[in-house]
Structures are given as structure tokens and as C-alpha cells.
Amino acid sequence: MIGRLLRKPLTWVVAAVLAAGGVLGMYWFQPWKIVTDKEVNESLAVVSTPGAPSTTAPAPGPVVVRQGAFISHEHETSGTARLVRQPDGSHRLELVDLDTSNGPDLRVWLSDQPVREGVRGWRVFDDGEWVELGKLKGNKGDQAYAIPAGTDLDQLGSVSIWCKRFSVSFGAAALTA
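Numbered by numbering that gives the first Met the number 0, the letters in the sequence shown go through residues 0 to 176 in order.
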């Protein structure tokens, strides 16, 4: 019976369609990323915090101007996001001890949307203004992203680990002073 099926053209068409669908599905969902991690350990700024008590004059150096802890959205996410002003006046976003799931097409976004817990917060970050800082370098560890000059940081009060392919936040942090 199998020999007869293999001689029919329809069998080969169905097999080709199923194979193409499988390849496309593997590309789109990248299921192996669920069980793989990419750890990044970039050097972070040694910073001072404004308003911290000190007996000496503050040294000119990087300063944390805002920060926040990540909350989980679509995937379990933890760590801290901090907005650091460099001595030259430029800014960068640092992700400290980030721990989230790996996934396809993950990005780091600054957004004007408030961070909401639960399912209500999963899809809000592309509703307003946002700035993409780049692809997520790794789903675990410390990493830093330059913030483009001219970015209005007063309008962007949150950061999201955003899955661009599926338009969903893996996790987010509100950036507060």
C-alpha cells in the first residue's frame, strides 16, 4: 500500500508542502531558543547616585539618573535597567543581571508607555512613542546600549525587552529617579 502511495503525484505534493511548512515554522518560531541561553557580561559603568550622602565632592563620572526593576510579561524576566549619564553628557541604558527567556527577534526599546503588570502590559509598548536601542545582546547577564543623541528621555519612562516578531513584551521596567 505504501508503494502505491509513493507513486501518486499528490503524495509528493503533500510531502513537499509539509516539508516547506516545517522549515518555515522552524524559522518563524525558532523553538530551540526556548532551551538555549546567550549570556553577555559587558563592563558596566561604575556610577554614583545623585543625592547620595558623601563627605567628599562628587567625582566627575557616570551617574545613574533613573532606574527600575524588571517585571515579567510574556516570559519570566528579572534584573535592573538603569539610565546612565556619561561624563560627556551622552546617555546609555544598562541592563544589570538581566535574566529572561531567549526568543526570536528580541529588541531593547525605550517607550513612553507605562509599565503594567499582567497580560494588560504585554502589548502596549508599540502603541505610543518608542526608540529601539538594538537587538538584545543576550538573554542573561550585564549589557549596555547607547542612546542616540537627541532622544527625548523626559518622554520615555520605560524599557521593554520587546519581541518584534510577535509584538509582545517579554518583560519591562519603569525608569524612575
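Quick reminder that beta carbons are idealized off the backbone N, C-alpha and C, glycines included.
Keep in mind it's a predicted model, so treat the numbers as computed, not measured.
Going by C-alpha positions, Thr-79 is about 6 Å away from Leu-94. Proximity of the region 155 to 170 to the region 92 to 111 meets the contact definition, three or more beta-carbon pairs being nearer than 8 Å. With a cutoff of 8 Å on beta-carbon distance, Val-107 and Leu-82 are scored as not near each other.
In the structure shown, Ile-70 falls within a strand segment according to DSSP collapsed to helix, strand and coil.
Beta-bridge partners assigned by DSSP to Asn-40: Asp-141.
Distances from the CA of Arg-164 to each of Lys-134, Val-16 and Asn-138 were compared; the closest alpha carbon is that of Lys-134. Apart from the 5 residues on each side of it in sequence, Gly-149 has no Cβ closer than 7 Å to any other Cβ in its chain.
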